[in-house]
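The opening residue of the sequence shown carries number 3 in our numbering; numbering runs sequentially from there. Virtual Cβ for every residue (Gly too), placed ideally from N, Cα, C. What follows is a single structure, written as structure tokens, with notes after it.
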Amino acid sequence: MSALLKVEHLKKYFNVPMGINHAVDDISFEIQKGETMGVVGESGCGKSTLGRTIIRLQDPTAGKIYLNGEDITEAKGKDLRRVRENMQIIFQDPYSSLNPRMTVEEAVQEPLYLSKRFKKKEILEETERLMDLCGVEERLRMAYPHELDGGRRQRVGIARALALSPEFIMCDEPVSALDVSIQAQVLNLLMDLQDQLKLTYIFVTHDLSVVRHISNHICVMYLGQLVEVSPSQELFKNPMHPYTKALLSAVPSVDLDHPMKRIVLKGEITSPINPKPGCRFASRCPYATEACEQPQELKQVDNDHFVSCCRLKEIG
Ligand code: SF4
């Protein structure tokens with residue numbers, strides 16, 4: 003297998019009145035073709051900024067992004083348009099991402115028209131195929147977004163994202179705004195589409211239980227940095243970073259014989275503005291010592307399992 007997407011030392015900083023917000027700070031990972039990388043963390047940890055920087059909706063401050071081995075970090079003009087056709091995004095709130103004045107048909111057709119690659123007849127055929135592929139009923143062709151429920155709106159958003167046959171899709175909390183029963187349907191659709199079309203996903207969410215079954219690997223993010231990266235099943239079996247353990251303890255367990263004790267984090271969340279060089283989780287970590295004031299880096303602790311914490315041996 004080869005990496006479809008690779009990011010190296012990616013940074014995205016924002017100038018704010020109080021200083022510099024280190025929203026994404028020195029992140030590196032790669033995703034193999036056809037796989038899903040889950041990115042989890044609390045709101046405000048920078049996971050959506052990471053996603054949007056990777057697909058070049060905003061320019062990175064530093065670092066490199068490679069798609070199929072091509073350096074796309076500074077792609078501009080025609081090159082950027084070509085790259086963007088191959089990297090699409092599904093948003094959390096399809097209601098605000100769909101134009102309220104466009105019918106379902108027009109929303110799905112728009113990217114096809116804009117690409118200028120298709121004739122009118124092909125666009126009509128493609129619209130029908132995409133709607134069918136994503137389970138959008140034919141009778142909704144002329145409906146407007148406000149006439150659809152959340153699940154159907156998200157299906158239209160997915161059909162639109164697939165219009166130009168991308169290889170990579172950034173799923174930015176795509177089910178967070180949906181009812182639980184609808185969440186499962188949309189997740190199943192995304193997994194079926196991945197199988198059929200060999201898609202590669204990054205799946206950004208604050209909900210670990212959502213990514214458990216669909217991700218091959220999971221990155222746990224805390225205040226702009228990765229604190230743990232692991233194959234999905236391994237992360238659930240053997241979480242190592244204190245923050246990952248706390249996140250996992252909040253996931254409802256179906257294992258009544260071995261329920262996980264809920265870890266409630268105390269302490270203030272460190273600001274991502276002008277952060278100190280040490281571990282950003284220290285103010286909430288029960289194991290923090292002076293050693294944690296040194297910069298931490300992801301280190302391999304097992305096959306394919308990386309953790310950023312200098313006190314793993316002591317924590318056990
Ligand atoms: Fe906690 Fe220190 Fe490890 Fe950070 S480096 S997670 S503060 S023990």
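- request: Could you check how far apart the C-beta atoms of Val253 and Leu210 are, in whole angstroms? I think they sit under 8 Å.
  value: Here residue 253 corresponds to residue number 251 of the sequence shown, with the count starting at 1. Here residue 210 corresponds to residue number 208 of the sequence shown, with the count starting at 1. Indeed, because the Cβ distance is near 5 Å, the residues count as touching under 8 Å.
field: Coarse secondary structure for Met172, derived from DSSP in three states
entry: Position 170 of the sequence shown, counted from the start, is the residue given in the question as residue 172. It is a strand residue.
field: Cys221 - DSSP class collapsed to helix/strand/coil
entry: As a first step, residue 221 is located in the sequence shown; it is residue number 219 there, counting from the start. It is a strand residue.
query: Roughly how far, in whole angstroms, is the beta-carbon of Ser23 from the beta-carbon of Pro274, given that I think they are within contact range, below 8 Å?
result: Taking the sequence shown and counting its residues from 1, the one referred to as residue 23 is at position 21. Taking the sequence shown and counting its residues from 1, the one referred to as residue 274 is at position 272. At residue 23 the sequence reads Asn, which differs from the Ser that was named. Contact holds; Cβ gap of about 5 Å.
query: On the premise that Val42 lies in contact with Thr207, defined as a C-beta separation below 8 Å, what is that separation, rounded to the nearest angstrom?
result: Start at 1 with the first residue of the sequence shown, and residue 207 comes out as number 205. Start at 1 with the first residue of the sequence shown, and residue 42 comes out as number 40. Going by Cβ atoms, the distance from Thr207 to Val42 rounds to 6 Å, so yes, they are a contact pair.
field: Cβ separation of Pro102 and His148, assumed to be a contact under 8 Å, to the nearest whole Å
entry: The residue you call residue 102 lines up with position 100 of the sequence shown. The residue you call residue 148 lines up with position 146 of the sequence shown. That belief holds up - the Cβ atoms of Pro102 and His148 are roughly 6 Å apart, short of 8 Å.
Residue range of the alpha helix (DSSP H) that includes Gln2: Residue 2 cannot be examined here, being either before or after the span of the chain that is shown, 3 to 318.
message: Along the chain, where does the beta strand (DSSP E) containing Pro288 start, and where does it finish?
response: The residue you call residue 288 lines up with position 286 of the sequence shown. Segment: none, Pro288 is in no beta strand (DSSP E) and carries neither H nor E.
message: Taking 8 Å as the cut-off, does the region 121 to 133 touch the region 46 to 54 (at least 3 CB pairs, one atom from each stretch)?
response: no
message: Just to confirm before moving on: does the CB-CB distance between Met89 and Leu69 stay below 8 Å?
response: What you label residue 89 is simply residue 87 of the sequence shown in a count that begins at 1. What you label residue 69 is simply residue 67 of the sequence shown in a count that begins at 1. Cβ atoms of Met89 and Leu69: closer than 8 Å.
query: Going straight from the alpha carbon of Val266 to that of Gly280, what length do you get?
result: Within the sequence shown, residue 266 is the residue found at index 264, counting from 1. Within the sequence shown, residue 280 is the residue found at index 278, counting from 1. Cα-Cα distance, rounded: 22 Å.
- request: Report the option in Gly226, Gln156, Pro277 whose CA atom is closest to the CA atom of Ile91.
  value: The sequence position of residue 91 within the sequence shown is 89, counting from 1. Ranking Gly226, Gln156, Pro277 by Cα distance to Ile91 puts Gln156 first.
message: My assumption, with CB atoms under 8 Å, is that Val106 sits in contact with Leu142. Please give the rounded CB distance.
response: For this step, residue 106 is matched to residue 104 along the sequence shown. For this step, residue 142 is matched to residue 140 along the sequence shown. Yes, they are in contact, since the Cβ atoms of Val106 and Leu142 sit about 5 Å apart, within 8 Å.
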